[in-house]
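S.K.: Could you have a look at this structure, given as structure tokens, before my questions?
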Amino acid sequence: NAGVMQNPRHLVRRRGQEARLRCSPMKGHSHVYWYRQLPEEGLKFMVYLQKENIIDESGMPKERFSAEFPKEGPSILRIQQVVRGDSAAYFCASSSDKYEQYFGPGTRLTVT
Amino acid sequence: AQSVTQLDSQVPVFEEAPVELRCNYSSSVSVYLFWYVQYPNQGLQLLLKYLSGSTLVKGINGFEAEFNKSQTSFHLRKPSVHISDTAEYFCAVSDVNFNKFYFGSGTKLNVKP
């Protein structure tokens, strides 16, 4: 059973461009969480999704950020018009029962 | 809202010595508690979790943690560390619905030979 997959692992974007981060949960997992990790900081919760539904997005900035988890395909975290402050590592985690999360290796976004 | 405090940002320790990584949380409601380990350039791996029952929780790699409700703490311990335990450790709490998880800022454990 493959683990949680995230791609790309590294993403470089210029200010103003869009960033799309993908997360393929483990097989059979219907819960997906996204987190952001700034250098020397812990993970900050962004959003929790189930298939086709956003359950809790209270950690996500109101503008420029969006997330989806369609019926088919990976979960997508989309950042529009990126700024330097968006540079961070973005992790997703998936779960089958919410009690235990399995984390992907992360996508490191660099905004130049 | 919950918050998690990891008091030590770095903990140096010699191989085979015992270690304790401290974690305190603040919450007015029941929470569930977790410890994760992160190796360089990797995602987090679950070490152990407390959901209910015995307050002493045993995890993987010889780690254990004790839930202390009165002190709102969930400290992580290992009686004898190995070089391979060098990593960053994160304490986390979740609300009772597991809709949201709060992480501490991490403790870097550096095991020296």
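Heads up: the protein sequence lines correspond to chains A and B, in order.
Oh and the first sequence: position 84 is 84 in this note's numbering, straight run, nothing missing.
All you need for this note's numbering is the position in the second sequence, starting with 1, plus 1000.
Ideal Cβ placement from N, Cα and C applies to all residues, glycine included.
Nothing here was measured: the structure is a model prediction, and the numbers come from that model.
For the structure I just gave you, are there three or more beta carbon pairs, one from the stretch 1028 to 1036 of chain B and one from the stretch 1082 to 1094 of chain B, closer than 8 Å?
M.R.: Touching, yes, given that three or more Cβ pairs across the two stretches are closer than 8 Å.
S.K.: With DSSP as the reference, label R64/A as helix, strand or coil.
M.R.: In this structure, R64/A counts as coil in the three-state DSSP scheme.
S.K.: Mind checking if L1046/B is an interface residue toward chain A, Cβ cutoff 9 Å exclusive?
M.R.: Chain A, which has a Cβ nearer than 9 Å to the Cβ of L1046/B, makes this yes.
S.K.: Just checking: is the beta-carbon of G1059/B within a distance shorter than 9 Å of some beta-carbon in chain A?
M.R.: So, not an interface residue.
S.K.: Rounded to whole angstroms, how far is the Cβ of V32/A from the Cβ of S75/A, which I believe are closer than 8 Å?
M.R.: The pair is a contact, with the Cβ atoms about 5 Å apart (cut-off 8 Å).
S.K.: Quick one: is G42/A near chain B, going by C-beta distance under 9 Å?
M.R.: It does; some Cβ of chain B falls within 9 Å.
S.K.: Checking 9 Å against the spacing of the C-beta atoms, do K1106/B and E1088/B come in under that value?
M.R.: Contrary to the premise, residue 1106/B reads as Gly rather than Lys in this sequence. Yes, the pair counts as a contact, with Cβ atoms nearer than the cut-off.
S.K.: So for S1026/B, helix, strand or coil by DSSP?
M.R.: Strand at S1026/B.
S.K.: Can you round the beta-carbon distance between F103/A and V4/A to whole angstroms, since I take them to be within the 8 Å contact cut?
M.R.: Indeed, because the Cβ distance is near 6 Å, the residues count as touching under 8 Å.
S.K.: Given this structure, state the Cα-to-Cα distance separating H1082/B from L1048/B, to the nearest angstrom.
M.R.: Distance between the alpha carbons of H1082/B and L1048/B is about 18 Å.
S.K.: Can you list, in chain order, the residues of its chain with a C-beta nearer than 6 Å to that of R84/A? Leave out the 5 residues immediately preceding and following it.
M.R.: If we look at R84/A and ignore the five residues flanking it on each side, its Cβ neighbours are V111.
S.K.: Report the rounded CA-to-CA distance for G1043/B versus G1104/B, giving the unit in angstroms.
M.R.: One C-alpha to the other measures close to 15 Å.
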